[in-house]
Each structure stands twice: as structure tokens, then as C-alpha cells.
Amino acid sequence: MKYTTFNQQPVDTMQEHMFFGKPVNVARYDQQRHPIFEKLIEKQISFFWRPEEVDVSKDRVDFLKLTDAEKHIFSSNLKYQTLLDSVQGRSPNIAFLPIISLPELETWVETWSFFETIHSRSYTHILRNLFNDPSAVFDDIVVNEEIKKRATDISKYYDDLIFYTQLYQTRGEGVYDVDGYTHEVSIRNLKKKLFLCMNSVNALEAIRFYVSFACTFAFAERELMEGNSKIIRLIARDENIHLTSTQHILNLWAKGKDDPEMAEISKELEQEAKDIFMLAVQQEKEWASYLFKDGSMLGLNEEILCQYVEYIANQRMAAIGLGQPYESKSNPLPWMNNYLSSDNVQVAPQETEISSYLVGQIDSEVGSEDFEEFEL
Amino acid sequence: MFVKDKQPTQVCVNSHTCFSFKNEENLLIAMEKQNIDVHFHCREGFCGACRTKLVSGEIEYIIDPLAFIDDDEVLVCCCIPKSDVELKTY
Ligand code: FES
Ligand SMILES: [Fe+2]
Ligand SMILES: [Fe+2]
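In the order they appear, the protein sequences are chains A and B. So for the first sequence, my numbering puts the first residue at 1; every next one is plus one. So for the second sequence, my numbering puts the first residue at 377; every next one is plus one.
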């Protein structure tokens, strides 16, 4: 079925599934098949932030004081995160928008991707401050073997779904030979590819950032690279909401609350879903060992970091019905939680002293008490 | 307004720790006061880390929960008990 940017047939979106139904036409939110996505849009937008609001200038001095091993840890993590957000800034749009049939989900995906582009821009903001010419760091992302290994696994499910969608939307169902490969394009097959892709994205949002988050916050615990840490806190908050969205999608399918065929596929491909998640866990652990190859950093080592990945993975696999395959049942890095909780609820103690913390946001939050001395 | 005196709400966790709810801001804070190990990240209902099984009783959300939860689960960071409750942590 050909994609159209405005389907001229009347559609009752209340009867549609999230994906592979009739293309959307009116961007309307007065009636919603899955209202959760609009709530996520509102929440995500309420988190809006700009990298430029965060003062990272002190980090440059800190960076010079780091050991070479620590510098390697810091810049490698930034490279990896840059890769992740490069993929996430474009792929949900390109892969999911052409096959979405609900306006609230369409707008959620667009909102989600937009925030990933904020993350990408924030890395340039950080790196510009640290290096006179950050291009060496960016250039290395496409040649660094350790990063490339991960890039393949992150993008392949997206690429596969995108390619099959293109074949389907230009030629319809059928078997096609393209560049020496045979492709069997059927709705069932497309739905399977969508399922695997969603699981891979879910694993990405769930754990792929956490080794790097842990290192960032471990520096912050030592009052180092705090500007960077403020940015990463904002990113982590966004990633949590992205994860919530993919968990909702996967559970709506699995619990038969959307497309019944997707419920079948969720059962049929459960093992593949598990494998995707566990491979991501494995790669994160390997990443930890690459980070610490020249030596660890104060407060963190490879072993404890791997335990943390397993701990997070257990929780996040359980959230989508994949059980808790790992040993780690308690949090080996309890201080991480201070950085992962929402700002207004709990602020890590050392940050209350930092006046530059989110200058723009704080200044614009004028509470009623600020007016107490004013008489009208 | 006349407020009737009532028995404090009882919270039982993992069938061994029982305590009365003293109008803490939410169940998560109340559980933390008892040194019960509860997972959390956002403390605002959108990440799902604090998912807990509600074995019996009723709760009331004070913040709209956005994270995915199963029918028998609650997000303790954004609810308070409405009756005596029994909870099971993960
Ligand atoms: S701590 Fe995030 S939902 Fe409760
Ligand atoms: Fe991101
Ligand atoms: Fe994300």
C-alpha cells in the first residue's frame, strides 16, 4: 500500500491498530485509541531543555586534570552516546512514521525523535567546550572498531524494517530479488520485523546508555565534569520516558490490547526478543571492559559496572515479560539513583551548591513565594 | 468541617514488614522510612522502576502514572494507600 501524507478516505482511528492500518490523515487528539501516548507527549514536552542553558565551562579545567585512562573513559562514552543519539534522532521517524496508523502515536514518535536531536546537539556543546577542534572525536565514531560493532546491531533492525516497508509500499506483497538477495514481503513478515525492531529499540533505551551514565555520575560524585553531568541527567530523564513508550508498545501487543496478530508474534518471537536484549547486555559489558582497558576510575570498576548493567537489565526485562535472567538483585551503585530521579523531587546534595545549575530553567520558575513582598 | 477519627492505614510489605501509613507524600517515601529496599529512578511516575505488586487493598494516585504497569501492579512513587494494603516488591 502506497504511503500518503494525507489519506483522503475517512478513517476511524478508534478502530485502527498502532501500526500497519490505514495511513493517518487528520492530526487529531480528541479521540484516542491509546491515550497514553498523548500523556507521554505532554510529559516529554514539559521536560524541554536546551544544551546551551547548561554551563559546561568549568569542565574544561577538570578534563585537563583527568588521568589518561579517565580521559579515554570520558571521551569514549561521549562517542558512544553520540552514535546512539544519531541513530535515535532519525530512525524512529523514518522506520515508524510510514507505518503508523494512530495520530497520537505518530506525534509521540516525532516528539521522541526531536528530543534525541537535542541530545545530539548537547554532545557538540560539551565537546566544543573541551576541545578547540572536536572534529577528531566525531570523526573517530565511524572508524572506531568498538563503536562500529555496536552500531551494526543497533541499526540493522531499523534498516531491515525500513527496507521491507519501502518494498511493500512501492510494490505490495510478493517476493522480490534486489541486488542478488531475495526478499519475501508480506504483512506478517513486516510485522515480525517491526516486533524485532521495537525490541531492539527498547533494549537501546533501556540499557545501552547506562554504562556511560554511570561513569558520568561517578565523575560527578568526585565533583568533576559537573556541567557534563547536568546534561547527562537531563538526557537520562528523557531516555526513561522513551523507554516507557517502547514498554507500552510491547506490552499493548503482548497483552492483546492492540493488533491480535502482534500478540501472536510476541509469543512466537519471544526467544528472539530475549536474545536481542541479552546481546545488548553483553555488548554493554564488553563496552565496560573497553572503557577500563587502560585502568579504571575512582569509584568504579569493570566488575561493579557489569553488575549494575545486569541489575538494570533484570528490571527492564521483567517490565516486558522477559523474566529476570541475571543474578544481581540489589543495586550495586545506589548513588546512581540520586542522578536519575527527577530534579524537582530530589536533587543530589552536591548540586544544590552549584549556582549554574540549569540557570535558564531555575530563573524562569518563579514561585508564588517570590511575590510575597510585592503589594498590589 | 468535621473529620472522623479513623484507624491509621496499615501497609504490609513482602508479608513481614507492617507499619502504619503516616500521611507521607507517597508510598515510596513511607517504605523507605522503614528501610525497605524499593527500586526507584524518577520518583514521578514515568520510569516504572518502582513497580510493586499490590496483593490486596486499594491505592490512590496523586500523580498520573505514565509508566507501564500490569493490572495487579502499582507505582509506589506516585500513590498513597486508600485502605490497608499488602504489597510485594520485586
Ligand atoms: S520511580 Fe519512576 S515510576 Fe516510580
Ligand atoms: Fe537520547
Ligand atoms: Fe532515547
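Even glycine gets a Cβ: it sits at the ideal position worked out from N, Cα and C.
Cβ closer than 7 angstroms: which chain B residues qualify as neighbours of Leu-40(A)? Along the first sequence, one-based indexing puts residue 40(A) at 40. Those within 7 angstroms of Leu-40(A) in chain B are Leu-442.
Anything with a beta carbon under 5 angstroms from a heavy atom of ligand 2 counts; list them all in chain order. Asp-85(A), Glu-116(A), His-119(A)
When every heavy atom of ligand 3 is checked, does at least one fall within less than 7 angstroms of the C-beta of His-17(A)? Position 17 of the first sequence, counted from the first residue, corresponds to residue 17(A). No, ligand 3 has no heavy atom inside 7 angstroms of this Cβ.
Leaving out five residues before and five after Asp-153(A) in sequence, what residues of the same chain have Cβ atoms less than 8 angstroms from its Cβ? As a working note, residue 153(A) is residue 153 in the first sequence. Cβ within range, chain order: Ser-200, Leu-279, Ala-280, Gln-283.
Roughly how many angstroms lie between the CA atoms of Arg-222(A) and Leu-127(A), to the nearest whole one? Position 222 of the first sequence, counted from the start, is the residue given in the question as residue 222(A). Position 127 of the first sequence, counted from the start, is the residue given in the question as residue 127(A). For Arg-222(A) and Leu-127(A), the distance between alpha carbons rounds to 20 angstroms.
What three-state label does DSSP hand Gln-44(A) in the structure shown? Position 44 of the first sequence, counted from the start, is the residue given in the question as residue 44(A). DSSP places Gln-44(A) in helix when its eight states are reduced to three.
Looking at chain A, is there any beta carbon in it that lies within less than 8 angstroms of the beta carbon of Ala-406(B)? By one-based count along the second sequence, residue 406(B) stands at place 30. No, its Cβ sits nowhere closer than 8 angstroms to a Cβ of chain A.
Under 9 angstroms by beta carbon: chain A residues contacting Cys-418(B): For the purposes of this step, residue 418(B) is taken as the residue at position 42 of the second sequence. Under the 9 angstroms cutoff, chain A gives Arg-237, Asn-240, Ile-241, Leu-340, Ser-341, Ser-342, Val-345.
Excluding the 5 residues flanking Ala-206(A) on each side, which residues of the same chain have their C-beta closer than 6 angstroms to its C-beta? Position 206 of the first sequence, counted from the start, is the residue given in the question as residue 206(A). Cβ within range, chain order: Leu-243, Arg-316.
Could you tell me the distance, in whole angstroms, from the CA atom of Gln-346(A) to the CA atom of Arg-188(A)? Taking the first residue of the first sequence as position 1, residue 346(A) is located at position 346. Taking the first residue of the first sequence as position 1, residue 188(A) is located at position 188. Confidence at Gln-346(A) is low in this model, with a pLDDT of 36, below 50, so the placement of that residue should be treated as unreliable; the coordinate-derived value is given next. Their Cα atoms are separated by approximately 46 angstroms.
Of the residues Thr-465(B), Tyr-466(B), Val-461(B), which one's Cα is nearest the Cα of Pro-384(B)? In the second sequence, counting from the first residue as 1, residue 384(B) sits at position 8. If we check each option's Cα against that of Pro-384(B), Val-461(B) comes out closest.
Using Cβ-Cβ distances below 8 angstroms, what residues of the segment 246 to 270 of chain A are close to chain B? Gln-247, His-248, Asn-251
Less than 8 angstroms separating the beta-carbons of Leu-322(A) and Lys-274(A)? In the first sequence, counting from the first residue as 1, residue 322(A) sits at position 322. In the first sequence, counting from the first residue as 1, residue 274(A) sits at position 274. Taking 8 angstroms as the Cβ cut-off, Leu-322(A) and Lys-274(A) qualify as a contacting pair.
Residue range of the alpha helix (DSSP H) that includes Phe-138(A): Start at 1 with the first residue of the first sequence, and residue 138(A) comes out as number 138. Start and end: 135 to 141.
Strictly below 8 angstroms CB to CB, what residues from chain B border Ala-319(A)? As a first step, residue 319(A) is located in the first sequence; it is residue number 319 there, counting from the start. Those are Gly-424, Arg-427, Phe-444, listed as they occur along chain B.
Which residue marks the beginning of the alpha helix (DSSP H) containing His-125(A), and which one marks its end? One-based indexing of the first sequence puts residue 125(A) at position 125. Where His-125(A) is concerned, the enclosing alpha helix (DSSP H) stretches over 103 to 130.
What are the partner residues of Thr-397(A), as DSSP defines its beta bridges? Residue 397(A) cannot be examined here, being either before or after the span of chain A that is shown, 1 to 376.
Three-way DSSP call (helix, strand, coil) for Met-297(A) in this model: Counting from 1 along the first sequence, the entry for residue 297(A) is found at position 297. Three-state DSSP puts Met-297(A) in a strand.
Helix, strand or coil: how does DSSP classify Glu-239(A) here? As a working note, residue 239(A) is residue 239 in the first sequence. Helix at Glu-239(A).
Please identify the residue among Lys-255(A), Lys-329(A), Asn-338(A) whose C-alpha is closest to the C-alpha of Ser-229(A). Taking the first residue of the first sequence as position 1, residue 229(A) is located at position 229. Answer by Cα proximity: Asn-338(A).
Is His-415(B) near Ser-341(A), with beta carbons less than 8 angstroms apart? Position 39 of the second sequence, counting from 1, holds the residue named residue 415(B). Position 341 of the first sequence, counting from 1, holds the residue named residue 341(A). No; because the gap between Cβ atoms is not below 8 angstroms, this pair is not in contact.
Is it the case that the segment 45 to 63 of chain A contacts the segment 23 to 32 of chain A, given that we only count it when at least three CB pairs across the two stretches are under 8 angstroms? no
Apply the 10 Å Cβ neighbour rule to His-392(B) and answer buried if 16 or more other Cβ atoms are within range, or exposed otherwise. Against the second sequence, residue 392(B) aligns to sequence position 16. Exposed, since its Cβ has fewer than 16 Cβ neighbours within 10 Å.
Rounded to whole angstroms, how far is the Cβ of Cys-215(A) from the Cβ of Leu-291(A), which I believe are closer than 8 angstroms? Working through the first sequence from its first residue, we reach residue 215(A) at position 215. Working through the first sequence from its first residue, we reach residue 291(A) at position 291. With 8 angstroms as the limit, Cys-215(A) and Leu-291(A) qualify as a contact, their Cβ atoms being about 7 angstroms apart.
Between the alpha carbons of Glu-110(A) and Ala-95(A), how many angstroms are there, rounded? The residue given as residue 110(A) occupies position 110 in the first sequence. The residue given as residue 95(A) occupies position 95 in the first sequence. Straight-line Cα distance between these residues: approximately 11 angstroms.
Please compile the residues from chain A whose C-beta is within a distance smaller than 8 angstroms of the C-beta of His-415(B). Within the second sequence, residue 415(B) is the residue found at index 39, counting from 1. Near His-415(B) (Cβ distances below 8 angstroms), the residues of chain A are Gln-315, Asn-331.
List the endpoints of the continuous beta strand (DSSP E) containing Thr-216(A). Within the first sequence, numbered from 1, the residue matching residue 216(A) stands at position 216. No beta strand (DSSP E) contains Thr-216(A), which is instead part of the alpha helix (DSSP H) from 210 to 221.
Work out the CA separation of Asp-294(A) and Leu-451(B) for me, nearest whole Å. Numbered from its first residue, the second sequence carries residue 451(B) at position 75. Numbered from its first residue, the first sequence carries residue 294(A) at position 294. Rounded to the nearest angstrom, the two C-alpha atoms are 42 angstroms apart.
By the three-class DSSP mapping on this structure, what secondary structure does Val-61(A) have? Here residue 61(A) is taken as the residue at index 61 of the first sequence, counted from 1. Helix, per DSSP.
Taking C-beta to C-beta, are Phe-37(A) and Leu-97(A) nearer than 8 angstroms? If you number the first sequence from 1, residue 37(A) lands on position 37. If you number the first sequence from 1, residue 97(A) lands on position 97. In this structure, Leu-97(A) does not lie closer than 8 angstroms to Phe-37(A) by Cβ.
Could you tell me whether the Cβ of Tyr-466(B) comes closer than 8 angstroms to any Cβ of chain A? Numbered from its first residue, the second sequence carries residue 466(B) at position 90. Interface flag for Tyr-466(B) against chain A is set, since a Cβ pair is found closer than 8 angstroms.
Just reading off the alpha helix (DSSP H) that Cys-306(A) is part of, what are its end residues? By one-based count along the first sequence, residue 306(A) stands at place 306. DSSP places Cys-306(A) in the uninterrupted alpha helix (DSSP H) bounded by 302 to 318.
Rounded separation between Ser-46(A) and Gln-81(A) - CA only: As a working note, residue 46(A) is residue 46 in the first sequence. As a working note, residue 81(A) is residue 81 in the first sequence. For Ser-46(A) and Gln-81(A), the gap between their C-alpha atoms comes out near 23 angstroms.
Below 8 angstroms on C-beta distance, what does Asn-337(A) contact in chain B? By one-based count along the first sequence, residue 337(A) stands at place 337. Neighbours of Asn-337(A) on chain B, chain order: Phe-416, His-417.
Does the segment 51 to 68 of chain A come close enough to the segment 260 to 276 of chain A that 3 or more CB-CB pairs lie under 8 angstroms? no
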